[in-house]
Structures are given as C-alpha cells and as structure tokens.
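Under the numbering used here, the first residue of the sequence shown is numbered 8, with each subsequent residue one higher. We put the beta carbon where it would ideally sit given N, CA and C, even for glycine. The block underneath contains the structure these notes are about, expressed in structure tokens.
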Amino acid sequence: MQKHVAAIHDISGMGKCSLTVALPILSAAGIRTSIMPTAVLSTHTGGFTGFTYRDLTDDLPAFAAHWKSLNVHFDALYSGFLGSFAQLGIVSDIFDLLRADDTLVMVDPVMADNGELYSVYTPDFPKGMAGLCGKAGLIVPNMTEAAFLLGEPYREGPYERAYVERMLRALATLGASRVVLTGVWFGDGQLGAACYEKNAGAIAYAFNEKIEGYYHGTGDVFGSALLAGLMRGLPLPSATQLAVDFTAGSIRRTKAAGTDIRFGVDFEEELPLLQTVLETAKKAEN
C-alpha cells in the first residue's frame, strides 16, 4: 500500500527549500504527500532581501482539524521550518491529533546553521524546539542546531568521533529514539551524517565527497530523501547513506553548472537516481 506523509513546512516560491523540495522528492519516491504550509514567502530568507512573508499560524489548527475529520491515516508526520514561536505548540498538538500508533513523527529542527540562530527566531526558540523534538521518533538536526538544542556552545569541525557520538546520545535524551546528525566531518575530505538508534545502541556513519561552499536548501533535500528511504523500507543507516549521496550529487551538479546558489541545488536531475536506488532496495527485500 502506498505510504502517506504529511509535510509541515513553509512554502518559498523561489529558492528550492522546504515544501518545494519535500513534495517533489517524496512524490518521486512513490509516496503520497499532503502538505500543511506554515508560512508563504516569495523567496527563502538566505541571500535575498525584500522578500514577502505571510505567517499562517492562525490557519494551522483548522487545517489539521479538517484533515482529522477526513479520517485519513498518516505513515509519517514531517515538520521543518516553523514560522513563529507559537507554531511550536500548535505543531505539537497537531502531532497528537493526527498520529496513529504506527506513525513516524520526524522533526527537522530548522532554526540555525554555521553557528548562528536564524535571524527570524528569538533566543528562547531553541528551548521550545527541544520540546517539540520530544514528541518525535526521529530528529534530524545539523551540528549547529544540535548545539542549540542541548544548550551547548557551537564547535566548528572537523570533529572527533567521541564528540559526535556524545552529541547523538545527548540528543536522544530529548525524547526521540532515533537521531540523524548532519554536517559531520573528520577532516578527511568527506562530509556526511551520523545516525543513532537508541534502543539498539547502534551508531552508523554515512559519507560522500565534501564539496566546498554553502548551498541553500540542502538540509531539506537531505531530510526529504532520508524520509523517502525510511518510508520505502530502508533501515536507518541505509536511508542515511541514500540521503547523503542524493544531497551530494545535487550539490555536485549545481557547482558544475555554476548556478547562483541562492536559488538552491539541482536536485531534480538526481531524482532518477533516487528512484533507482529505492527500486533496487525493494527488489533486494523481495
């Protein structure tokens, strides 16, 4: 049966991120995807000025209540960028309203990068986001977000394995039984992610070539590909490697084309690879 995901993110009309990334990636993976927009912007906020912003906080409860009245089942609830502090509590309530016993709740705590909290958020936002992470079965922070969630100073890489693994275990104490930490590198020309499954005590790493530069929207590309892999039955380490490879391929293609990085990465032409990997994994299971 086709899996069904609810994606709770903003819509940026230009600059590929959030729902304009999540919807095509999950759809290409054969996953039915319903979207709940938290805000609507003309562009994302990275590198652009003069963008429009419409906060949809007041619309979210009625949006979710209507979905609940339709008696639909969600295999996953996936939240990303939230448009206001108030949305933390609202989305927490939405998780309670829409989740079933077998629903995966995945929180990408989008709020910071490169050691800094996004300018749209106040200093108390990370504590609220940590509370939302407590409702999740899987969280996907980057290294900066992990530090904010834990109330620790941010450390620049390269990292040591002991540090990364301590962060993973500490993040799991927020409530999620599985953690994927992105932006992990050890100074060897590789960049990727580390994943932790608390119940099994298992830690695994996934790497690809480290490509210099900062590319907007890659966290959303990664998170969406990760969830696609999980929804198609891949174990967490395999889904993490799939997401790392898909994101790295998208960045590599963008850099080769010389595209203005403000407009996001060229993930569209990587979608056939995503489909091929998922189909191969499905055949292997059978």
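Around the CB of Asn206, fewer than 16 other CB atoms lie within 10 Å, so the residue is classed as exposed. Taking C-beta atoms as the reference points, Phe214 and Gly194 fail to come closer than 7 Å. By the C-beta criterion, the stretch 71-82 is judged not to be in contact with the stretch 46-54, since fewer than 3 inter-stretch pairs fall below 8 Å. Within the stretch 145-190, no beta strand (DSSP E) run of at least 3 residues lies entirely inside it. Counting only unbroken stretches of 3 or more residues, the beta strand (DSSP E) elements lying wholly within the stretch 197-222 are 197-204, 209-216, in sequence order.
Counting the other Cβ atoms within 10 Å of the Cβ of Thr40 gives 16 or more, which makes it buried.
Annotation: Leu234 is outside any beta strand (DSSP E); the continuous alpha helix (DSSP H) that includes it extends over 225-238. Judged by DSSP in its simplified three-state form, Ile15 adopts strand.
Cα atoms of Thr283 and Asp131: separation of roughly 43 Å, rounded to the nearest angstrom. Between the stretch 9-17 and the stretch 82-92, the count of C-beta pairs closer than 8 Å reaches three or more; the two stretches touch. Comparing alpha-carbon positions, the option among Tyr221, Leu234, Asp109, Tyr125 lying closest to Ile146 turns out to be Leu234. When the Cα atoms are used, Tyr60 and Arg239 turn out to be separated by approximately 35 Å.
Residue burial annotation: Arg173 is exposed, with fewer than 16 other C-beta atoms found within 10 angstroms of its C-beta.
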